[in-house]
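**Student:**
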Amino acid sequence: MMAKKPELVFLPATLPGHIVSAIELAKLLISRDDRLSITILLIKFPNSPSLNATGITFIELPQIDPPSPNTAQTPEAILSIFLDSHKPLVKDTITQLFLSSSESDSMPTRSRDSKLVGLVIDFFCTTMIDVANELGVPSYLFFTSTAHMLGVMLHLPVLDAQIHTDFEESDTELIIPGFTNPVPRRVLPQPMWTKNQDGYSWYLYHARRFREAKGIIVNTFEEFESHAVRSLTSDGRTPPLYPVGPLIDLEGRILNPDQSQFENIKRWLDDQPTSTVVFLCFGSSGSFSAPQVKEIALGLERSGHRFLWSIREPPRERFTLPGDYTNPEEVLPEGFLDRTAERGLLCGWVPQVAVLAHRAIGGFVSHCGWNSIMESFWFDVPIAGWPLYAEQHLNGFAMVKELGGLVVELKMDFRGWDDDLVIAEEVEKAVRKLMDADCEVRTKVKDISEKSRRALMDGRSSFISLERFIKNLMEEN
Ligand code: UDP
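Going by the working numbering, the sequence shown opens with residue 22, and the numbers climb by one from there.
1) Can you grab the Cα-Cα spacing for the pair I197 / L276, in whole Å?
2) Quick one, are the C-beta atoms of L494 and F484 less than 8 Å apart?
3) Could you round the C-beta distance between A228 and G199 to whole angstroms and report it? I think they count as a contact, below 8 Å.
4) Alpha carbon to alpha carbon, what distance is there between P261 and K136?
5) Would the beta-carbon of W399 be found less than 7 Å away from any heavy atom of the ligand UDP?
6) If you check the beta carbons only, do E45 and I269 fall under 8 Å apart?
7) Taking Cβ to Cβ, would you say V239 is nearer than 8 Å to Y224?
8) Taking its Cβ as the centre, do 16 or more other Cβ atoms sit within 10 Å of I85, making it buried, or is it exposed?
9) Do G139 and P109 come within 8 Å of each other at the CB atom, strictly closer than that value?
10) Report buried or exposed for S52, applying the criterion of at least 16 other Cβ atoms within 10 angstroms of its Cβ.
11) Looking only at DSSP bridge pairs, what is K136 linked to?
12) Taking 7 Å as the cut-off, is the beta-carbon of C146 closer than that to any non-hydrogen atom of the ligand UDP?
13) When every heavy atom of the ligand UDP is checked, does at least one fall within less than 7 Å of the C-beta of H388?
14) Grab me the residues of M128's own chain with a C-beta within less than 8 Å of its C-beta, minus the 5 sequence neighbours each way, in chain order.
15) Three or more C-beta pairs under 8 Å: does that hold for the stretch 250-260 against the stretch 332-349?
16) Below 7 Å CB to CB, which residues in the same chain sit around S106 once its five sequence neighbours on both sides are set aside?
17) Exposed or buried, what is L36 when buried is set at 16 or more other beta-carbons lying within 10 Å of its beta-carbon?
18) Per DSSP, what kind of secondary structure is L442 in: helix, strand or coil?
19) What is the C-beta distance between A375 and F283, in whole angstroms, given that I count them as a contact (C-beta under 8 Å)?
20) Please classify T165 as buried or exposed, where buried requires at least 16 other C-beta atoms within 10 Å of its C-beta.
21) Does the stretch 183-194 come close enough to the stretch 383-403 that 3 or more CB-CB pairs lie under 8 Å?
22) Do you know offhand how far S305's Cα is from A24's?
23) With hydrogens ignored, establish whether the beta-carbon of G304 is closer than 7 Å to any heavy atom of the ligand UDP.
24) With DSSP run on the structure shown, which of helix, strand or coil describes T130?
25) For E334, list the residues DSSP reports as bridge partners.
26) Note down the Cα distance separating K216 from D479, rounded to an integer number of angstroms.
27) Return helix, strand or coil for S125, following the three-state DSSP convention.
28) Over what stretch of residues does the beta strand (DSSP E) that includes F164 continue unbroken?
29) Evaluate T148 with the Cβ neighbour count: other Cβ atoms within 10 Å of its Cβ, from every protein chain shown; 16 or more gives buried, anything less gives exposed.
30) Can you give the Cα-Cα distance for R207 and P27, rounded to whole angstroms?
31) Taking the alpha carbon of A381 as the reference point, which residue from S393, V298, S397 and E155 has its own alpha carbon closest?
32) Helix, strand or coil, according to DSSP, for I40 in the structure here?
33) Starting from the C-beta of Q94, find all residues in its chain whose C-beta is less than 7 Å away, skip the five residues before and the five after it, and write them out in chain order.
34) Touching or not, the stretch 313-331 and the stretch 443-462, by the rule of three or more beta carbon pairs under 8 Å?
35) Quick one: using the 10 Å Cβ neighbour count with 16 as the cut-off for buried, is G266 buried or exposed?
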């Protein structure tokens with residue numbers, strides 16, 4: 022009898038910044054080992070992105086209503102509660118999928134030739150470790166952020182025991198494995214500051230469960246975050262670590278299946294000289310108040326540089342994502358569009374990877390989302406950092422302080438999270454510095470860019486890491 026094909030089931034968090042790298046990981050795994058097959062279970066949020074990827078089976082779980090925004094204080098709590106509520110559905114779906122043919126008539130073909138060998142879960146899905154345990158298979162954590170942030174998470178239970186007050190109020194320096202500098206508490210994700218927030222409890226809950234995983238796959242590469250990676254792999258307590266990145270959707274089609282809207286932008290970019298356009302884009306959840314939009318506009322105007330600006334309207338309801346403006350003129354300074362018509366273009370959601378890949382782009386004003394950083398560096402585009410939410414302040418801190426000035430500081434005083442208006446002069450200054458051909462950051466990014474491409478090559482660090490993961494997975498079964 023032919024041996025059953027090993028199959029992994031992925032449980033990503035269906036957020037733009039988490040799903041892309043999860044799908045890329047799945048694609049990479051099946052391309053590296055044709056014995057493997059992968060099914061991705063999609064937990065749909067009301068505004069989940071529509072997705073597109075070949076070679077992988079997607080199963081959309083029936084939609085469950087998300088918890089009411091009133092039941093949670095933080096997006097992390099809403100997300101975790103929502104994902105957790107899918108446990109019975111996930112277990113039933115997987116059980117159905119892998120029942121032997123005599124037990125189930127509904128999916129006989131699949132069940133005859135594949136065997137479940139593990140769950141690959143997003144770090145907000147750690148309650149699914151229970152499902153893996155019930156099914157008798159190992160769970161692997163897929164960490165979509167930095168090795169530095171992973172260090173914070175793994176150390177959080179220790180900090181929680183050490184520091185009895187809210188971190189915000191404590192004057193204990195945060196010494197965290199993986200960091201060479203003390204970590205200012207205000208660069209931690211905001212829900213971690215105060216213990217009585219539900220976001221804190223959920224971070225702590227997930228962090229405590231991380232070590233139950235059979236392995237942790239991280240979307241980074243060793244040469245980038247070498248100290249953090251080394252410190253995690255040598256502490257003797259962390260599950261085997263697999264830095265396999267950068268995982269980037271280079272075709273840019275997962276989040277942007279319909280690229281027709283990009284045609285106009287591409288034509289405009291085609292008309293601009295090489296490396297002259299600064300691109301502004303702030304992730305899936307970044308948006309600004311009307312006064313802040315005005316300051317950015319004035320700063321851009323005064324910088325004199327060409328720009329492509331992805332401008333998005335703040336969400337009208339809590340815990341929802343921004344949308345595109347129907348009429349951005351309402352929030353822009355009067356006459357701005359006319360005055361900059363020759364050298365600037367506004368857009369809404371845009372295929373970011375395709376933009377960063379364009380030869381006209383010379384700099385990126387970014388919120389320091391991890392995917393954005395990796396994408397920008399891949400295409401050798403330097404960043405001016407303006408962290409906004411989630412772990413972006415920590416990412417900015419890692420780029421500037423830990424990794425030696427890899428990002429131009431637009432708004433990074435490492436007090437983080439203050440709502441002060443960033444004035445036009447600050448925007449102008451950072452854009453000028455970013456676009457300066459002699460900017461020191463440019464040379465450093467070039468080096469990281471080359472390293473990021475090399476890491477994936479045959480025999481290099483991420484390639485070897487993935488090989489090690491596959492080998493260990495197969496040996497487990
Ligand atoms: N993205 C995009 N178009 C946009 C904004 C974002 O294609 O207008 C993509 C971007 O390329 C990246 C992801 O969405 O792959 C955002 O991930 P990141 O980790 O940078 O930020 P997050 O959205 O998680 O804050």
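Glycine included, every Cβ here is placed at the ideal spot set by N, Cα and C.
**Tutor:** Well, looking at it:
1) Those two C-alpha atoms are separated by around 34 Å.
2) No; because the gap between Cβ atoms is not below 8 Å, this pair is not in contact.
3) At roughly 14 Å, the Cβ-Cβ gap does not stay under 8 Å, so A228 and G199 are not in contact.
4) Cα to Cα, the separation comes out at about 23 Å.
5) The answer is no for W399.
6) Between E45 and I269, the CB-CB gap stays under 8 Å.
7) No, Cβ-Cβ distance for V239 and Y224 is not below 8 Å.
8) The residue is exposed, with fewer than 16 neighbouring Cβ atoms inside 10 Å.
9) Not in contact: P109 and G139 (Cβ atoms no closer than 8 Å).
10) In this structure S52 is exposed. Its beta-carbon is surrounded by fewer than 16 other beta-carbon atoms within 10 angstroms.
11) BP columns for K136 point to P27.
12) In this structure, C146 has its CB at a distance of at least 7 Å from all heavy atoms of the ligand UDP.
13) Result yes, Cβ under 7 Å from the ligand UDP.
14) Reliability fails at M128, whose pLDDT of 49 lies under 50, so the model's placement of it is uncertain and the value that follows must be treated cautiously. Answer for M128: Q117, L118 and L120, listed in chain order.
15) At 8 Å Cβ cutoff, the stretches do not touch.
16) The residues are I85.
17) Burial call: buried.
18) Three-state DSSP puts L442 in coil, outside helix and strand.
19) Indeed they touch by this definition, with Cβ atoms about 6 Å apart.
20) Burial check for T165: the Cβ neighbour count within 10 Å reaches 16 or more, so the residue is buried.
21) No: the two stretches stay apart, fewer than three of their Cβ pairs being nearer than 8 Å.
22) When the Cα atoms are used, S305 and A24 turn out to be separated by approximately 43 Å.
23) G304: yes, Cβ under 7 Å from the ligand UDP.
24) Caution is warranted here: a pLDDT of 47 is assigned to T130, below 50, making its placement in the model unreliable, and the coordinate value is therefore given only provisionally. Correct three-state label for T130: helix.
25) As computed with DSSP, E334 is found in a beta bridge with G344.
26) Answer to the nearest angstrom: the Cα atoms are 45 Å apart.
27) Any reading at S125 must be qualified, since the residue scores a pLDDT of 47, below 50, and its modelled position is unreliable; the value itself is stated next. Coil.
28) Unbroken beta strand (DSSP E) run through F164: S160 to F164.
29) So T148 ends up on the buried side.
30) The straight-line gap from Cα to Cα measures roughly 44 Å.
31) Closest option to A381, Cα to Cα, is V298.
32) In the structure shown, I40 falls within a helical segment according to DSSP collapsed to helix, strand and coil.
33) Only Q218, D219 and G220 meet the Cβ criterion.
34) Because the criterion of three Cβ pairs below 8 Å is met, the stretch 313-331 and the stretch 443-462 touch.
35) Classified as buried, G266 has 16 or more neighbouring CB atoms from the shown chains inside 10 Å of its CB.
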